[in-house]
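Report on one structure; see the data block that follows.
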Amino acid sequence: MIHTAIYARVWDDAPCKVIGALNWAFLTINLCFYAVIAVITYLRVCREIYFHYGKYDYKLWVYVLTGSAALQVLNLQNNGKRDYWCAAKSGQINSAIILFSTIGIVLIVILFCYLSILRKIRIHINDSSTSSSSNHNNDNNVRSAVIDNHTEIERRAAKKILSYTAMFMLQWIPMLISQGARLVKNEEPWVYIMGTIGKQFMN
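Read in the UniProt record's numbering, the sequence shown has 18 at position 18, and its numbers run on one by one without any break.
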């Protein structure tokens, strides 16, 4: 948008396609990262499935980049000029459909995973508290300390999960609205503003 503001026009078609591809890569890597982390955390906590991710967790990035590359291939022909910036060609809605669907799917995935994790933690804490109560019927101080410790664990887990989910929504709900507007071929300035707001939270 800086180029558009200075020169009152977007880049030429060839540079715009490259910029559009890079923009799409940035968006999809961010989305895939959210999904991969949510699924892996769910598998570890709820299913007790552990993976070896290799040095520097490179396998995590393999999953993320593979998902991003697949979405890049689907969208490659849609990159080009729009009214105010380089992203997806004006007049086509294929990229909007892909991004809108991907955001929706990832949102459902992270909500399912993180709510399942909270439920698992709560069940585990309740079971532990019951066991502690039966083993220490005559020791109220010990029982109270155990309950307080479990409550603190649950509070911390809930706080982290809520922060992850809130950050996702801050980043992607404006983008979801923007892509929804593009589905009905709305090219008003506010559509670009919503997209820009979402991207600012990703930086």
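The beta-carbon is built from N, C-alpha and C at its ideal position, and this holds for glycine as well.
Which term fits methionine 167, buried or exposed, when burial requires 16 or more other beta carbons within 10 angstroms of its beta carbon?
So methionine 167 counts as exposed.
Going by the CB atoms, is the gap between valine 106 and leucine 31 shorter than 8 Å?
Cβ atoms of leucine 31 and valine 106: closer than 8 Å.
Within 10 Å of its beta-carbon, does glycine 67 have 16 or more other beta-carbons around it, so buried, or fewer, so exposed?
It counts as buried.
Whole angstroms are fine: how far does the CA of leucine 76 sit from the CA of leucine 22?
Roughly 11 Å between the two C-alpha positions.
From alanine 25 to alanine 69, what does the alpha carbon distance come to, in whole angstroms?
If I take the Cα positions, the gap works out to 8 Å.
Since asparagine 79 sits in a beta bridge, which residues does DSSP pair it with?
Answer is Ala88, bridged to asparagine 79.
Can you grab the Cα-Cα spacing for the pair isoleucine 108 / lysine 89, in whole Å?
If you take the alpha carbons of isoleucine 108 and lysine 89, they lie about 28 Å apart.
Would you kindly work out how many angstroms separate the C-alpha atoms of tyrosine 42 and histidine 124, rounded to a whole number?
One C-alpha to the other measures close to 15 Å.
Quick one: grab the DSSP three-state call for arginine 47.
Coil at arginine 47, not helix or strand.
Going along the chain, which residues of its own chain have a beta-carbon closer than 8 Å to the beta-carbon of tyrosine 53, five neighbours each way excluded?
Once the five neighbours on either side are set aside, the close Cβ partners of tyrosine 53 are Lys59 and Leu60.
Whole angstroms is fine: what's the gap from lysine 199's alpha carbon to glycine 20's?
Spanning the two alpha carbons is a distance of roughly 14 Å.
Alpha carbon to alpha carbon, what distance is there between asparagine 126 and residue 250?
For residue 250 there is no data in the structure shown, the boundaries of the chain being 1 and 203.
Considering valine 191, what are the terminal residues of the alpha helix (DSSP H) in which it resides?
189 to 200 is the extent of the alpha helix (DSSP H) around valine 191.
Using DSSP with H/G/I as helix, E/B as strand and the rest coil, what is asparagine 23?
Asparagine 23: helix per DSSP, three-state reduction.
Looking at isoleucine 110: is its Cβ nearer than 8 Å to the Cβ of alanine 158?
No, these two residues do not count as a Cβ contact at 8 Å.
Which class does lysine 160 belong to by DSSP, given the choice of helix, strand or coil?
Three-state DSSP puts lysine 160 in a helix.
Taking all protein chains shown into account, do 16 or more other C-beta atoms lie within 10 angstroms of the C-beta of lysine 185, making it buried, or fewer, making it exposed?
So lysine 185 ends up on the exposed side.
If distances are taken between C-alpha atoms only, which option among Pro174, Gln179, Leu176 and Leu118 comes closest to valine 162?
Note on identity: in this sequence residue 162 is leucine, with valine being the wrong assignment. Closest by alpha carbon: Leu118.
From the DSSP output, in three-state form, read off serine 178 for me.
Three-state result, serine 178: helix.
Indicate whether isoleucine 98 and leucine 115 have their beta-carbon atoms separated by less than 8 Å.
Cβ atoms of isoleucine 98 and leucine 115: not closer than 8 Å.
Taking the alpha carbon of lysine 160 as the reference point, which residue from Thr196, Thr28 and Ala38 has its own alpha carbon closest?
Among Thr196, Thr28 and Ala38, the Cα nearest to that of lysine 160 belongs to Ala38.
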